[in-house]
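Working notes for the structure below.
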Amino acid sequence: MKKIIQNIAFVILCFLTSCNGYLDPIIYNRFSNANFPQTEEDYAALVTGIYAEFRVDNAWYRYSASPESRMILGEIGTEEMWINWEWCNNPHIRFDFNPGYDLFNQFYDFMVPSVAKATFALALLGECTTLPTELKSRFEAEIKCCRAFWLYDLQGFYGSPVVVLDPEKAMHPSSDYYPPRLSDEELFEFIEKDLLSAIDILPARYDNDADYGRFTKGAASSLLMKLYMRHKKFDKAVAISEEIMKMGYDLEPVYSKIWDVANEKNSEIVFSLQNDNLNSPNSNIMRAHVLPSDWVSPTDSPVAAFSGYRVPWDVYDQFDPEDKRLSTLVKDYLIWENGQKKMIDGRATGRLNGALPLKYGEDPSSDGTFCGNDFVLIRYADILLLRAEALNELNGPTQESIDLINRIRIRAFGDDKPDKLIKLDQFDSKESLKDYILQERLFEFIFEGERREDLIRHGKYIEYAHKRGIMSAQPYHVKFPLPSHLIVEGKGNIKQNEGY
């Protein structure tokens with residue numbers, strides 16, 4: 003608990019990338035709320051500092067692509083991920099969820115203080131009397147969205163975290179204070195309230211590139227829809243998805259271009275984190291974590307190859323060979339042989355023990371490790387498939403669910419392949435369509451950090467692990483353990499998650 007309290011001593015590291023405006027790179031040293039914030043620029047920096055909590059320190063951890071990151075935690079225990087580093091495999095693959103593992107603890111230890119900082123920032127804004135009312139309300143809405151995003155992810159991994167949500171306690175911290183651990187339903191209501199209030203205030207879009215990356219009405223609504231799906235509030239999910247579908251989002255015509263560094267800000271992206279290739283906290287290191295050591299760039303760009311993440315071949319083989327989404331799961335690549343580039347089949351030659359998940363394409367201006375491709379956190383395809391799922395849960399199977407799924411499949415196969423589309427009469431029950439949607443989500447969102455959440459929501463997380471022969475997987479593994487140091491520091495006030 004000391005770490006939570008100590009981290010409320012605020013350090014604003016404002017380094018989110020933009021050309022100008024409120025997301026300009028600014029660095030502030032330590033301050034006290036007696037002298038900061040005061041001006042409009044101060045409050046803008048305060049908000050930017052909260053956004054910075056997505057990526058503080060370096061390009062690793064938090065919302066990045068390292069084994070401790072949000073993306074990879076979202077793949078733990080699922081069929082679609084293999085990691086070649088043995089030190090990751092026990093916790094990530096074999097369900098050895100030890101409370102002492104840093105791989106589990108780091109996301110919690112980073113993001114719980116971030117939530118407390120957001121609470122503190124909201125308290126400071128609450129006392130502000132100098133900002134224009136509209137701007138103050140927007141700043142508050144953005145901070146609430148950041149906090150809601152982190153709370154949503156923390157709840158998905160650990161259940162309700164032990165975190166400071168009381169503005170008074172954030173403003174006047176005490177080492178003797180232990181925040182109450184809310185029930186899952188109480189935390190749901192807290193997040194829902196924050197997001198609903200933000201949705202009423204935030205703009206649908208921003209009119210300039212300088213503000214790209216801020217929370218919008220669409221991003222807040224989409225996060226709320228995902229929250230509703232987790233808590234099986236399917237009627238609310240359907241209602242809010244109708245609003246999202248009026249906001250101008252669309253599917254990017256070419257699947258592989260969603261993550262292209264030259265196609266950022268495309269119409270499918272609902273919320274993303276902007277990246278640069280400057281070895282800063284705002285860099286994308288996913289590609290380096292995937293590439294094999296013998297990979298040669300087709301454009302002679304620099305290569306960093308950690309040879310870590312793979313998609314098992316048995317999962318790769320579940321794809322239709324004509325599915326264009328396979329273009330992001332690579333098995334053929336260039337190597338050097340006898341002084342010349344040679345294309346090889348990594349599977350046939352035995353060089354690869356799984357397909358390479360390369361949704362984030364090459365950034366030719368990077369050094370190979372730190373790339374500029376933005377991290378895509380929410381995209382419109384997710385909204386369409388979640389709506390199809392929610393409609394099915396309420397009154398399935400329905401023709402609208404079929405039509406929504408087929409929008410995704412038309413992109414995957416082309417509009418000249420009617421035999422690849424599904425029909426309502428193929429499904430004789432809600433359960434049969436539900437199973438189909440889960441499989442379609444594997445094809446659409448493979449290695450985007452969505453699979454664990456999907457399997458848990460469908461009640462398949464442990465079942466699928468057992469099918470793969472991982473009998474150590476137990477029902478309580480749907481939650482990770484709380485960090486062991488938290489239990490010690492709590493002195494009996496904090497209860498460990500069941501089973502640990």
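This note's numbering applies: residue 3 is where the sequence shown begins, and numbers increase by one.
Note that the Cβ used here is the ideal one computed from N, Cα and C, for glycine as well.
Residues 305 and 364 of the same chain have their beta carbon placed closer than 7 Å to that of residue 299, with the five preceding and five following residues left out of the count. In the structure shown, the three-state DSSP call for residue 219 is helix. Residues of the same chain with a CB within less than 8 Å of the CB of residue 436, apart from the 5 flanking positions on each side, are 391, 394, 395, 398 and 460 in chain order. With 16 or more other Cβ atoms inside 10 Å of its own Cβ, residue 310 counts as buried.
If one requires a minimum length of 3 residues, no beta strand (DSSP E) run lies completely within the region 427-456. The residue among 257, 413, 199 and 485 with its C-alpha nearest the C-alpha of residue 502 is 485.
Using a Cβ-Cβ distance cut-off of 8 Å, the region 465-485 and the region 74-82 are in contact, since at least three pairs of beta carbons, one from each stretch, lie closer than that value. Residue 239 is not a Cβ neighbour of residue 247, given a cutoff of 9 Å.
With contact defined as three or more Cβ pairs closer than 8 Å, the region 254-265 and the region 355-364 are in contact.
Burial state of residue 40 is exposed, judged by a 10 Å Cβ sphere holding fewer than 16 other Cβ atoms.
The beta carbon of residue 138 sits closer than 7 Å to those of 127 and 130, all from its chain and outside the five residues before and after it, given in chain order. Cβ-Cβ distances below 8 Å link residue 97 to 79, 467, 472, 474, 475, 476 and 479 in the same chain, with the five nearest sequence neighbours on each side left out; the list follows chain order. Taking one beta carbon from each stretch, the region 276-290 and the region 403-414 have fewer than 3 pairs nearer than 8 Å; the two do not touch.
By the beta-carbon neighbour count (other beta carbons within 10 angstroms, threshold 16), residue 179 is exposed. Straight-line spacing of the CA atoms in residue 431 and residue 292 works out to 40 Å. Here the alpha carbons of residue 416 and residue 164 stand approximately 48 Å from one another. Only residues of its own chain outside the window of five on either side were considered, and among them 162 and 164 have a CB closer than 6 Å to the CB of residue 183, listed in chain order. The continuous beta strand (DSSP E) containing residue 274 extends over residues 271-275.
Counting along the chain, residue 56 sits inside no alpha helix (DSSP H), nor does DSSP assign it H or E at all. A distance below 8 Å between beta-carbons, with the five flanking residues on each side excluded, links residue 49 to the following residues of its chain, in chain order: 24, 123, 141, 144 and 145. Taking each of 236, 445, 268 and 312 in turn and checking the Cα distance to residue 288, the smallest one comes out for 312.
Here residue 382 is near residue 271, since their CB atoms are less than 9 Å apart.
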